[in-house]
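Undergrad: Mind having a look at this structure? Questions to follow.
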Amino acid sequence: VQLQASGGGFVQTGGSLRLSCEASGSARDIDATGWYRQAPGKQRELVATITRIDTIQYRDSVKGRFTISRDNAKNTMNLQMNSLKPEDTAVYYCTADRVVVTTVTRYWGQGTLVTVSS
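Going letter by letter, the sequence shown gives residues 609 to 726 in our numbering.
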């Protein structure tokens, strides 16, 4: 599975960005997908996840501002980010968990930088 993330950029506080992630390769066995982020000097953290049956989870700090979605037919996933804050500045990574029988393999995209100015 290969993941290609896009959509990062530079915005001012309160602005919006839409991240996209496209999966290719053996994408049909993908179950959960998600977004992680890593800010400079900090550990990578989970932002949001969505499963094939649209079970969704968000970290508390983005609830009400970010919306995760996916299109299983197109093997794409999006993260709509509104009301962005400087603390949202990070490199964002998309992930996909491929499940084959009982084996789960997580794949990572290359990361896309989001910078929110104060």
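Think of the CB as a built atom: it goes at the ideal place given N, C-alpha and C, for glycine as much as any other residue.
(1) Between which residues of its own chain and D705 is the CB-CB distance below 6 Å, once the five residues before and five after are set aside?
(2) S726 to V619, Cα distance in whole Å?
(3) Is it buried or exposed for I661, if we count other Cβ within 10 angstroms and need 16 for buried?
(4) Drop a sphere of 10 angstroms on the beta-carbon of R652, count the other beta-carbons inside from all chains shown, and report buried for 16 or more, exposed for fewer.
(5) Considering I661, what are the terminal residues of the beta strand (DSSP E) in which it resides?
(6) Could you check the C-alpha separation between G616 and A635 for me, to the nearest Å?
TA: By the coordinates alone:
(1) D639, A640, V712, R714
(2) 9 Å
(3) Counting other Cβ atoms within 10 Å of its Cβ, I661 stays below 16 and is therefore classed as exposed.
(4) exposed
(5) First-last for I661: undefined, no H or E at that position.
(6) 23 Å
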